[in-house]
Amino acid sequence: MTDYKNLIDGKMVDNGQWLEVLNPATEQVVGRVPSCGKEELDSAVAAARRAFTQWKKTTAEERQQVVQGIAAAIKENADELYRLLTSEQGKPHAQAQQEIYGAAGLAAAQSTLTLDDMINQDDDTRLSRTRRVPVGVVGGIVPWNFPIMMAIQKIVPALVAGCTIVLKPSPFTPLTTLRVAELIKDVVPAGTVNIITGEDTLGPLITEHPDIDKITFTGSTATGKKIMEGASGDLKRITLELGGNDASIVLPDADVQKVAEQLFWSSFSNAGQVCIAAKRIYIHEDIYDDLSKAIADYAKTVVVGDGSQQGTGVGPIQNKKQYERVLDLIQDAKDNGYKFLTGGDKDPSGTGYYVPITILDNPPEDARIVAEEQFGPVMPLMKFASVDEVIERANNSEYGLAGAVWTKDTDKGVEIAEQLETGTVWINEFMQLSPFAPFGGHKQSGFGAEYGIDGLKEFTYPQVITVKRDAAV
1 MTDYKNLIDG
11 KMVDNGQWLE
21 VLNPATEQVV
31 GRVPSCGKEE
41 LDSAVAAARR
51 AFTQWKKTTA
61 EERQQVVQGI
71 AAAIKENADE
81 LYRLLTSEQG
91 KPHAQAQQEI
101 YGAAGLAAAQ
111 STLTLDDMIN
121 QDDDTRLSRT
131 RRVPVGVVGG
141 IVPWNFPIMM
151 AIQKIVPALV
161 AGCTIVLKPS
171 PFTPLTTLRV
181 AELIKDVVPA
191 GTVNIITGED
201 TLGPLITEHP
211 DIDKITFTGS
221 TATGKKIMEG
231 ASGDLKRITL
241 ELGGNDASIV
251 LPDADVQKVA
261 EQLFWSSFSN
271 AGQVCIAAKR
281 IYIHEDIYDD
291 LSKAIADYAK
301 TVVVGDGSQQ
311 GTGVGPIQNK
321 KQYERVLDLI
331 QDAKDNGYKF
341 LTGGDKDPSG
351 TGYYVPITIL
361 DNPPEDARIV
371 AEEQFGPVMP
381 LMKFASVDEV
391 IERANNSEYG
401 LAGAVWTKDT
411 DKGVEIAEQL
421 ETGTVWINEF
431 MQLSPFAPFG
441 GHKQSGFGAE
451 YGIDGLKEFT
461 YPQVITVKRD
471 AAV
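Mapped onto UniProt numbering, the consecutive letters of the sequence shown carry residue numbers 1 to 473.
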């Protein structure tokens, strides 16, 4: 077992108080991290504030070079990092590799983004331009499902925009993030990136801290509402990427054999612990029986187990609280007599937070397993008869994060996509995010954007400078 330290003001430090981190596959302790509170947070914020006075004066090229150094450090140490990630998060090695290399790629891609001045007026009377200036010190709060990707998603645009950041990983998955902190401590100027760990009680302290200017958070809608409340005291800027109950719509012309495997992984990647996973799959009644059987048959070929073992396709739920919530949803489906195509029974071994791949056969729209975000390896399949009907059903949710349409007629797919009340819609693919396209939710899936120029702007204020020409002064 290894002890990991926090990054504060360019130094790796601890306070002698520790949190234990479990491997969800074995329920054994795999590492310890500092348990921080107000004192450590104040120190990190003060370091970020000092660093901001100089960092905001750097050029775009200087910032880009630092971010490229972060990308290189992650990529060069990917083998170590993905194995560590699996040990604390549970995802299979192949998916952990995708996250680590994806985070490095995201950092490299976003390092190329620039915020150019915009000319509003340029004539004989005056010159007016809008420039983007950094917000200041950012507080970033990261979830446990994609801890490295989400950390980079917050650190990189903050730095590129000229901000400094204090980042809090989830107490369930802080190890890989702190190892990254150690790898980049000599890459980033002291104080620009600070990473501190603690219980969930640390989050509200970050949200309410008077010297933090912006909060960027990824997590549940319920927590997002608390963050809005906490940030309201001094009107902090906030970006929230919250829950989703994403609908996939499969039209009758879809090729059953081709889409079955893709639909499976659109729901069950990372054991279903993905905000943008397909959590409701609507299949046209003409192909429902064939496609539901094909998906269930494919599910039986996928191994559920320890992510560090070769051949594992779906790992454990990351933590006990979420594990119990998923089991409760499955039990509710059983109590209501819903039909299961696969799964439904708890793993009998008793070790590790394993939930069997569970697929339900056409439960009602008001079933909890349909109406709530499962965030686990559980997938309801539902029949629909008409396009108008399925659009209404898909939109009947408090969430609006993402969705997908599967059809050979891409024009029809786009027509449906434009009627879905979500921030992102894919046609014939899933979970494809671009570093250069904005990603954000509608309704209670949050607000603001990440990725692309829109995401970068979230870390800035617009400032308009107007020069009057031929002024008599």
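We put the CB at the ideal spot given by N, CA and C, even for glycine.
Please read all numbers here as calculations on a predicted model, not as lab measurements.
- Per DSSP, reduced to three states, the secondary structure at residue 96 is helical.
- Our two residues, residue 371 and residue 397, have alpha carbons roughly 7 Å apart in a direct line.
- For residue 73, the enclosing alpha helix (DSSP H) covers residues 60-76.
- Taking 8 Å as the cut-off, the beta carbon of residue 173 is found closer than this to the beta carbon of residue 89.
- Going by DSSP, residue 264 is part of the alpha helix (DSSP H) stretching over 256-268.
- Just so you know, the alpha carbons of residue 289 and residue 265 end up roughly 19 Å apart.
- For residue 256, the closest C-alpha among the options 297, 246, 277 is that of 297.
- An exposed status is given to residue 364, since fewer than 16 other beta-carbon atoms sit within 10 Å of its beta-carbon.
- The DSSP-derived three-state label of residue 375 is coil.
- DSSP links residue 447 through a beta bridge to 240.
- Nearest in C-alpha terms to residue 195, of all of 54, 342, 404, 40, is 40.
- With fewer than 16 other Cβ atoms inside 10 Å of its own Cβ, residue 235 counts as exposed.
- Collapsing the DSSP output to three states places residue 431 in coil.
- Per the DSSP secondary-structure output, residue 417 pairs with nothing in a beta bridge.
- For residue 128, the uninterrupted beta strand (DSSP E) segment begins and ends at 126-134.
- Taking the C-beta atoms as reference points, residue 211 is found no nearer than 8 Å to residue 138.
- Residue 41 carries a helical assignment under DSSP once its states are collapsed to helix, strand and coil.
- As computed with DSSP, residue 218 is found in a beta bridge with 241.
- Excluding residues up to 5 positions away in sequence, 230, 233 lie with their Cβ nearer than 7 Å to the Cβ of residue 208 in the same chain.
- Boundaries of the beta strand (DSSP E) around residue 120: 118-122.
- Per the coordinates, the alpha-carbon of residue 239 lies some 16 Å from the alpha-carbon of residue 159.
- Look at the segment 155-208 and you find these whole runs of beta strand (DSSP E), each 3 residues long or longer: 164-168, 193-195.
- In the three-state reduction of the DSSP assignment, residue 469 falls in the coil class, being assigned neither a helical nor a strand state.
- The count of Cβ pairs closer than 8 Å, one atom from the segment 126-137 and one from the segment 174-189, stays below three, leaving the stretches out of contact.
- If you draw a straight line from the Cα of residue 429 to the Cα of residue 382, it comes to about 19 Å.
- Below 8 Å, enough C-beta pairs join the segment 78-93 and the segment 300-317 to call them touching: three or more.
- By alpha-carbon distance to residue 253, the top candidate from 273, 423, 284, 241 is 284.
- The distance from the Cβ of residue 250 to that of residue 281 is about 7 Å, consistent with a contact at the 8 Å cut-off.
- DSSP lists 134 as the bridge partner or partners of residue 460.
- Here the segment 433-453 lies against the segment 103-123, with 3 or more beta-carbon pairs under 8 Å apart.
- Three or more Cβ pairs closer than 8 Å define a contact, and the segment 100-109 meets that threshold against the segment 68-76.
- The Cβ atoms of residue 360 and residue 275 lie no closer than 8 Å to each other.
- Note on geometry: alpha-carbon atoms of residue 286 and residue 388 lie some 16 Å from one another.
- Listed as beta-bridge partners of residue 340 by DSSP are 360.
- Residue environment: residue 394 is assigned as buried (16 or more neighbouring CB atoms within 10 Å of its CB, all protein chains considered).
- Residue 331 counts as exposed, since fewer than 16 other C-beta atoms from the protein chains shown sit within 10 angstroms of its C-beta.
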